[in-house]
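*Asks:* Residues are numbered in my numbering as their position in the sequence shown, beginning at 1, plus a constant of 16.
C-beta: ideal position from N, C-alpha, C; glycine also.
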Amino acid sequence: MTATVLVVEDEPDLAQIMVLALRRAGFEVLAVESGAAAVASAQDQSVGLVVIDRGLPDMDGLEAVASLRAGGYRGAVLVTSGNAGEAHVAECLEAGADDVLDKPFSLAQLVARVTALEGPPTR
17 MTATVLVVED
27 EPDLAQIMVL
37 ALRRAGFEVL
47 AVESGAAAVA
57 SAQDQSVGLV
67 VIDRGLPDMD
77 GLEAVASLRA
87 GGYRGAVLVT
97 SGNAGEAHVA
107 ECLEAGADDV
117 LDKPFSLAQL
127 VARVTALEGP
137 PTR
């Protein structure tokens with residue numbers, strides 16, 4: 017059984033498209049809109065990978081990543097961000113992310129990154 021992918025994105029249209037693409041690829045997916053909900057969901061669910069937006073309404077995505085890691089979350093974290101640049105990527109990785117995906121991104125790239133971090137889904 018494949019672990020759940022948690023999508024944390026506050027833009028509903030983008031979140032819906034991401035969820036559909038990941039489900040179509042065979043992943044179990046849960047979506048939330050805030051950093052606080054992400055931290056709670058990752059602790060309460062069998063979440064194996066978190067795809068989290070850097071710019072969330074209640075906190076910076078990296079604050080949520082730090083909270084996840086401090087709470088013992090050991091799964092992979094993929095940060096999505098509209099902030100390109102070497103220093104930004106380094107900041108995300110230093111905060112506990114395993115990978116960074118710059119916006120805008122293709123759904124094929126999202127699925128490929130999730131597969132690389134989580135492994136192929138078992139159907």
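Give every residue of the same chain whose Cβ lies closer than 6 Å to the Cβ of S62, excluding the five residues on either side of it in the sequence, and list them in chain order.
*Replies:* In the sequence shown, the residue the question calls residue 62 occupies position 46. Closer than 6 Å at Cβ, skipping near neighbours: A19, T20.
*Asks:* With distances taken Cα to Cα, identify the nearest neighbour of G98 among G51, I68, P136, A82.
*Replies:* Reading the sequence shown from its first residue, position 82 is the one you call residue 98. The shortest C-alpha separation from G98 is found at I68.
*Asks:* Less than 8 Å between the C-beta atoms of V35 and A47, yes or no?
*Replies:* Position 19 of the sequence shown holds residue 35. Position 31 of the sequence shown holds residue 47. Contact flag set, yes.
*Asks:* L133 and L117 look like a contact to me (Cβ under 8 Å); what is the Cβ gap, rounded to whole Å?
*Replies:* Working through the sequence shown from its first residue, we reach residue 133 at position 117. Working through the sequence shown from its first residue, we reach residue 117 at position 101. About 11 Å separates the two Cβ atoms, so there is no contact after all.
*Asks:* How many Å lie between L126 and A86 at the Cα?
*Replies:* In the sequence shown, residue 126 corresponds to position 110, counting from 1. In the sequence shown, residue 86 corresponds to position 70, counting from 1. Using only the alpha carbons, I get a separation of about 26 Å.
*Asks:* In the DSSP assignment, what are the bridge partners of I68?
*Replies:* Start at 1 with the first residue of the sequence shown, and residue 68 comes out as number 52. Answer by DSSP bridge pairing, in chain order: V24, V95.
*Asks:* Report all residues from its chain with a CB closer than 8 Å to the CB of P136; omit the five preceding and five following residues, and keep chain order.
*Replies:* The count along the sequence shown starts at 1 and reaches residue 136 at position 120. If we look at P136 and ignore the five residues flanking it on each side, its Cβ neighbours are G42.
*Asks:* When you compare each of I33, H104, A37 to G71 by their alpha carbons, which one comes out closest?
*Replies:* Along the sequence shown, read from residue 1 onward, the residue named residue 71 stands at position 55. Taking only the C-alpha atoms, the option nearest G71 is H104.
*Asks:* Measure from the alpha carbon of G51 to the alpha carbon of each residue in A82, R39, L65, then state which is nearest.
*Replies:* As a first step, residue 51 is located in the sequence shown; it is residue number 35 there, counting from the start. Of the listed residues, the one whose Cα sits closest to G51 is A82.
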